[in-house]
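One structure is given here, and the rest of the page talks about it.
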Amino acid sequence: MLTKEEIYTQYRDKVFGYVRNHVNSPEDAEDITSDIFVKIYSKLDTYDESKASLSTWIYSMTSNTVIDFYRTNHVHSEIPEDLSDEGSTIEDEILNNESLELLADALSKLPQELMDIIVLRYYKGLTLQDIAVKMNLSYGVAKLRHREALGKLREML
Amino acid sequence: MENKLARLFDYQKFSPNDKLASIIADVESRYQTDIEVLSDDELGMLNAAGSVDALMKRTAEKDSKNAIRSKNGVASKNGVQSKNSLT
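Chains as they are written, first to last, in the numbering used here: chain X, 1200 to 1356; chain F, 90 to 176.
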């Protein structure tokens, strides 16, 4: 088990990078990052490595703290879709480097157009409407391709 | 499935996987033409295309009119006295 100091050294940049990705203000990002490490230290004795890797556990705390930031600042409507906390129950089993590797393999097996739609939708957070414009497709076609891509990924993941 | 993908891609922002990062970079490179900073050459072409040149032309016309006026000893329109009228 890592010491608090080692955890800070190993995860500080990851946590800050993630927070900065979701929060516009660098000052807010700094404050949130500090809050996250306070939480991590205070809950460290509850961490159970048989349930999740340390990385997943810290990610979970980081993600939840960013959601809390949006909530306490009364910007519910601005909570990024990819930060929905509905996923928190499944994350322990799916969030690790191996899962990302599997996702990468599955994406690379998709036709380029479908792969682009998935990345633009779930990584870049674009709406299907925006994706249709970017990819020069009608909204209807973008919707169809999106569904097709989800179907193929469901079979592979 | 959608939720799973959203969580996986969000986790990628926290702990990037190289293979996935390269796929993302590849997709991003195909759609990054939205905001582009124009180079000096491109800005020069914009000038040649119209508005700035037209503005410069108008300014030049104004200057030449003022020069003729000052030659004739007439104060320019904006109230500044010409060199000739001062001497």
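Heads up, the beta-carbon is just placed ideally off N, CA and C, and yes, glycines get one too.
- Spatial neighbours of residue 109 of chain F in its own chain (CB-CB distance under 7 angstroms, excluding positions within 5 residues in sequence) are listed in chain order as 101.
- Of X/1319, X/1352 and X/1340, the smallest CA-CA separation from residue 121 of chain F is found for X/1319.
- Here residue 1298 of chain X is buried: its Cβ has 16 or more other Cβ atoms, across all protein chains shown, within 10 Å.
- Annotation: the continuous alpha helix (DSSP H) that includes residue 1355 of chain X extends over 1338-1355.
- Across the structure, residue 1270 of chain X and residue 1353 of chain X are spaced so that their CA atoms are roughly 32 angstroms apart.
- With contacts defined as CB atoms closer than 8 angstroms, residue 1206 of chain X and residue 96 of chain F fail to qualify as a contacting pair.
- With contacts defined by Cβ atoms closer than 8 angstroms, residue 1237 of chain X and residue 1228 of chain X do not form a contacting pair.
- At the C-beta level, residue 1253 of chain X and residue 1302 of chain X stay beyond 8 angstroms of one another.
- Within the model, the alpha-carbon separation for residue 1223 of chain X versus residue 1216 of chain X is close to 12 angstroms.
- Within the stretch 1247-1265 of chain X, the residues whose Cβ lies closer than 9 angstroms to some Cβ of chain F are 1254, 1255, 1257, 1258, 1261 and 1262, listed in chain order.
- Of all residues in the stretch 1324-1356 of chain X, only 1333, 1334, 1349, 1352, 1353 and 1356 come within less than 8 angstroms of chain F when Cβ atoms are compared, listed by chain position.
- Put simply, the CB of residue 1220 of chain X is near chain F, with a gap under 8 angstroms to one of its CB atoms.
- Residue state for residue 1332 of chain X is assigned as helix, using DSSP reduced to three classes.
- One thing to note: residue 1342 of chain X has its Cβ no nearer than 8 angstroms to the Cβ of residue 1309 of chain X.
- Neighbours of residue 1294 of chain X in chain F, taken as residues whose beta carbon is under 8 angstroms from its own, are 96, 97 and 100 in chain order.
- Look at residue 1213 of chain X: its C-beta is under 8 angstroms from a C-beta on chain F.
- Around the beta carbon of residue 1265 of chain X, 16 or more other beta carbons lie within 10 angstroms, which makes this residue buried.
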